[in-house]
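Engineer: Residue 1 is where the sequence shown starts when you use UniProt numbering, and the numbers rise one by one after that.
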Amino acid sequence: MTNQHSEFNPDYSYHPGIFLEEELEVKGMTQAELAKRSGITAKTINSIIKGSASISSETAVILECVLGKSASYWLGLDSQYQIHKAKVENDELLSKEISFLDELDLKCLIKERWIEQFTDRLEQLKELYRFFGVASKKQIPQVWSQLEVSYRTSEKFQQSHLHILAWLRRGELLAHQIKCSPFDAKKFKDALLNCRKLTVEEFSDMRIKLQEICAEAGVAVVCVPEIKKVSTSGAARWLDKNKAMIQLSLRGKRDDKFWFNFYHEAGHILLHGRKEQFIDNNGKANPLSEDSYHTEENRFKEKEADEFAANYLIPRKDFSLFVSNSDFSESSICQFAKTQGIAPGIVVGQLQSRGYLDWSQLNNLKKKYDF
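#1: Would you mind reading off the limits of the alpha helix (DSSP H) that contains residue 233?
#2: Just to confirm before moving on: does the CB-CB distance between residue 162 and residue 103 stay below 7 angstroms?
#3: Look at residue 17 and residue 49 and say whether their C-beta atoms are less than 7 angstroms apart.
#4: How would you write the range of the alpha helix (DSSP H) that residue 323 sits in, first residue to last?
#5: Are there 16 or more other CB atoms within 10 angstroms of the CB of residue 312, so buried, or fewer, so exposed?
#6: Could you pull the DSSP bridge partners for residue 254 from this structure?
#7: Would you identify the three-state DSSP class for residue 248, choosing helix, strand or coil?
#8: Put residue 243 into one of helix, strand or coil per three-state DSSP.
#9: To which residues of the same chain is residue 356 closer than 7 angstroms at the C-beta, ignoring the five residues directly before and after it?
#10: Got a sec? Which residues, its chain only, sit under 8 angstroms from residue 97 by beta carbon, not counting five neighbours each side?
#11: Starting from residue 219, trace the beta strand (DSSP E) in both directions and tell me its first and last residue.
#12: For residue 233, count the other beta carbons within 10 Å of its own beta carbon; 16 or more makes it buried, fewer makes it exposed. Which is it?
#13: Do you know whose CA, among 365, 134, 310 and 183, lies nearest residue 331's CA?
#14: Give me the Cβ distance between residue 369 and residue 308, rounded to the nearest whole Å; I'm assuming they're in contact under 8 angstroms.
#15: Report yes or no: do the segment 195-202 and the segment 168-185 share at least 3 C-beta pairs separated by less than 8 angstroms?
#16: Note down the Cα distance separating residue 284 from residue 229, rounded to an integer number of angstroms.
#17: Suppose contacts are defined by Cβ-Cβ distances below 7 angstroms. Is residue 319 in contact with residue 225 by that definition?
#18: By how many angstroms is the C-alpha of residue 187 removed from the C-alpha of residue 286?
#19: Measuring only the C-alpha atoms, how far is residue 53 from residue 41?
#20: Tell me which residues share the same chain as residue 254 and place their Cβ nearer than 6 angstroms to its Cβ, disregarding the 5 neighbours each side in the sequence.
#21: Might you give, ordered along the chain, the residues of its own chain that have their beta carbon closer than 6 angstroms to the beta carbon of residue 144, omitting 5 neighbours on each side?
#22: If you measure between the beta carbons of residue 15 and residue 51, is that distance less than 7 angstroms?
#23: Under 8 angstroms by Cβ, that's how I've got residue 219 and residue 180 pegged, so tell me the actual separation to the nearest angstrom.
#24: Got a sec? Which residues, its chain only, sit under 6 angstroms from residue 81 by beta carbon, not counting five neighbours each side?
#25: Among the residues of its own chain, which have a CB less than 8 angstroms from the CB of residue 121, if the five just before and after it don't count?
#26: At a cut-off of 6 angstroms, would you count residue 42 as near the ligand FAD, judging by its Cβ distance to the nearest heavy atom?
#27: For residue 271, which option in 302, 257 and 251 has the closest C-alpha, if you only look at C-alpha atoms?
#28: Mind reading off the beta-carbon distance from residue 256 to residue 349? Whole number of angstroms is fine, and I expect it under 8 angstroms.
#29: Can you tell which of 217, 212 and 208 has its C-alpha closest to the C-alpha of residue 190?
#30: With a 10 Å radius around its C-beta and 16 neighbouring C-beta atoms as the bar for buried, classify residue 359 as buried or exposed.
#31: Measuring only the C-alpha atoms, how far is residue 281 from residue 260?
#32: Assuming residue 238 contacts residue 170 under a Cβ cut-off of 8 angstroms, what Cβ separation, rounded to an integer in Å, is found between them?
#33: Throw me the rounded Cβ distance for the residue 127 and residue 116 pair, which I believe falls under 8 angstroms.
#34: What would DSSP say about residue 274, mapped onto helix, strand or coil?
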């Protein structure tokens, strides 16, 4: 003989009053009798059964005593029904925002596995909102307009607010996964000195070590591939008072650009306020804000971060002494890089950016980085 268990799987689209009515029928009990036995007014019982009233915790406890099924059962039915009802109402509101899906290159986000793919457009919209951590489209500008972020970007490519925000959001989610010690400025300065030696290592090995070294000083370092319509190289911001983050995209895919961007963002963290927003956008307005970003003060801070990066990579005095010899041959650059303990490509990049070399010269010394 086989025992078959029928699992109770209630349809939460039904009001719990329907289940109460069924329970009364099973027990052969009228609403009036339930009222007498429970002390709950007949009006309240009738309202619950008709679906115009909810089951309160007090009512659930009483029903447990009278009908036998636990208070948790009755409250669970009511709670799940209310959740179902709220979801239906929310879906109706979100259905009016379906066109928002067309404002983003979803294929790109799906390809990078930032979001899952759904055949149903409403479910795809909800997945997108889950990624951004918002309830609806109107929350996106409200949340991200207050984003305190400094990022480096190039105007050679088309900018898209939403795609930039998607890139930044991905970095934020990854940074939250990195366990960091409380931020310590001195430790971070020491970490930056130690990071110079990583420039000679392969990207796959260096990337892990860079993250570990900086995490000990309270800074989460994440690398996020650039996506279509985003020409951002790096970003820096504070996740909370004890944790900062640096986000890099590998734009250019060469070691000199990567390391300069890293130290530039590190400069913002050490030199500038935790509640400021710095954007290097080639003199144009902040694409994440209606206000013009590049005031004289902010241009100064960008320059300050650039100088910070250049000086950390190659100390100013050492660089001046090297260029004074006017020998920019491949062998000379490699020897200088060796004495500095950094990759030759970084020296080439600094010589190019300062006008000692043409941008087409000695690029063979630059190491390619890729995910």
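All residues carry an ideal CB built from backbone N, CA and C; glycine is no exception. Being a predicted model, the structure only gives us computed values, none of them experimental.
Structural biologist: Taking the geometry as given:
#1: Counted from its first residue, the sequence shown places residue 233 at position 233. Element bounds for residue 233: not the alpha helix (DSSP H) but the beta strand (DSSP E), 232-240.
#2: Within the sequence shown, numbered from 1, the residue matching residue 162 stands at position 162. Within the sequence shown, numbered from 1, the residue matching residue 103 stands at position 103. Yes.
#3: In the sequence shown, the residue the question calls residue 17 occupies position 17. In the sequence shown, the residue the question calls residue 49 occupies position 49. A contact, by the Cβ cut-off of 7 angstroms.
#4: If you number the sequence shown from 1, residue 323 lands on position 323. For residue 323, the enclosing alpha helix (DSSP H) stretches over residues 316-324.
#5: As a first step, residue 312 is located in the sequence shown; it is residue number 312 there, counting from the start. The residue in question, residue 312, is buried, as its Cβ has 16 or more Cβ neighbours within 10 Å.
#6: In the sequence shown, counting from the first residue as 1, residue 254 sits at position 254. 368.
#7: Residue numbering aside, residue 248 sits at position 248 when the sequence shown is read from its first letter. Residue 248 falls in the strand class under three-state DSSP.
#8: Against the sequence shown, residue 243 aligns to sequence position 243. Here residue 243 carries a strand assignment [DSSP, helix/strand/coil].
#9: For the purposes of this step, residue 356 is taken as residue 356 along the sequence shown, with counting starting at 1. Cβ within range, chain order: 323 and 328.
#10: Walking along the sequence shown from the start, residue 97 turns up at place 97. Counting only Cβ-Cβ distances below 8 angstroms, and skipping sequence neighbours, we find 125, 136 and 137.
#11: Taking the first residue of the sequence shown as 1, we reach residue 219 at position 219. Element bounds for residue 219: 219-223.
#12: As a working mapping, residue 233 is identified with position 233 in the sequence shown. Buried is the call here.
#13: Within the sequence shown, residue 331 is the residue found at index 331, counting from 1. Proximity to residue 331 across 365, 134, 310 and 183 peaks at 365, based on C-alpha coordinates.
#14: Here residue 369 refers to the residue found at position 369 of the sequence shown. Here residue 308 refers to the residue found at position 308 of the sequence shown. About 22 angstroms separates the two Cβ atoms, so there is no contact after all.
#15: no
#16: The count along the sequence shown starts at 1 and reaches residue 284 at position 284. The count along the sequence shown starts at 1 and reaches residue 229 at position 229. Here residue 284 scores only 39 on pLDDT, less than 50, and its place in the model should not be relied on; the value that follows carries that caveat. Roughly 17 angstroms between the two C-alpha positions.
#17: As a first step, residue 319 must be located in the sequence shown, where it is residue number 319. As a first step, residue 225 must be located in the sequence shown, where it is residue number 225. It is not a contact, given that the beta carbons lie outside the stated cut-off.
#18: Counted from its first residue, the sequence shown places residue 286 at position 286. Counted from its first residue, the sequence shown places residue 187 at position 187. Because the pLDDT of residue 286 is 47, which lies under 50, any placement of that residue in the model is unreliable, and the number read from its coordinates should be weighed accordingly. Residue 187 has its alpha-carbon roughly 32 angstroms from the corresponding atom of residue 286.
#19: Indexing the sequence shown from 1 puts residue 53 at position 53. Indexing the sequence shown from 1 puts residue 41 at position 41. Looking at the two C-alpha atoms, the distance is approximately 13 angstroms.
#20: Residue mapping note: residue 254 aligns to position 254 of the sequence shown, counting from 1. Hits under 6 angstroms: 366.
#21: For the purposes of this step, residue 144 is taken as residue 144 along the sequence shown, with counting starting at 1. The residues are 165.
#22: Position 15 of the sequence shown, counted from the start, is the residue given in the question as residue 15. Position 51 of the sequence shown, counted from the start, is the residue given in the question as residue 51. Yes; because the gap between Cβ atoms is below 7 angstroms, this pair is in contact.
#23: Walking along the sequence shown from the start, residue 219 turns up at place 219. Walking along the sequence shown from the start, residue 180 turns up at place 180. Their Cβ separation, rounded to whole angstroms, is 7 angstroms, which keeps residue 219 and residue 180 in contact under 8 angstroms.
#24: Counting from one through the sequence shown, the residue named residue 81 turns up at place 81. The residues are 12, 15 and 16.
#25: Your numbering for residue 121 matches position 121 in the sequence shown. Contacts found: 98 and 101.
#26: You won't find the ligand FAD in this model; it holds no ligand whatsoever.
#27: Sequence index remark: in the sequence shown, residue 271 carries index 271 (1-based). It is 302.
#28: Translated into the one-based positions of the sequence shown, residue 256 becomes position 256. Translated into the one-based positions of the sequence shown, residue 349 becomes position 349. Right, their Cβ atoms sit about 3 angstroms apart.
#29: Numbered from 1 along the sequence shown, position 190 holds the residue referred to as residue 190. It is 217 whose Cα lies nearest to the Cα of residue 190.
#30: Translated into positions along the sequence shown, residue 359 becomes position 359. Exposed.
#31: Along the sequence shown, one-based indexing puts residue 281 at 281. Along the sequence shown, one-based indexing puts residue 260 at 260. Caution is warranted here: a pLDDT of 44 is assigned to residue 281, below 50, making its placement in the model unreliable, and the coordinate value is therefore given only provisionally. Distance between the alpha carbons of residue 281 and residue 260: 16 angstroms.
#32: Position 238 of the sequence shown, counted from the first residue, corresponds to residue 238. Position 170 of the sequence shown, counted from the first residue, corresponds to residue 170. About 18 angstroms separates the two Cβ atoms, so there is no contact after all.
#33: Counting from one through the sequence shown, the residue named residue 127 turns up at place 127. Counting from one through the sequence shown, the residue named residue 116 turns up at place 116. Yes, residue 127 and residue 116 are in contact; Cβ-Cβ is about 6 angstroms, under 8 angstroms.
#34: Here residue 274 refers to the residue found at position 274 when the sequence shown is read from its first residue. Residue 274: coil per DSSP, three-state reduction.
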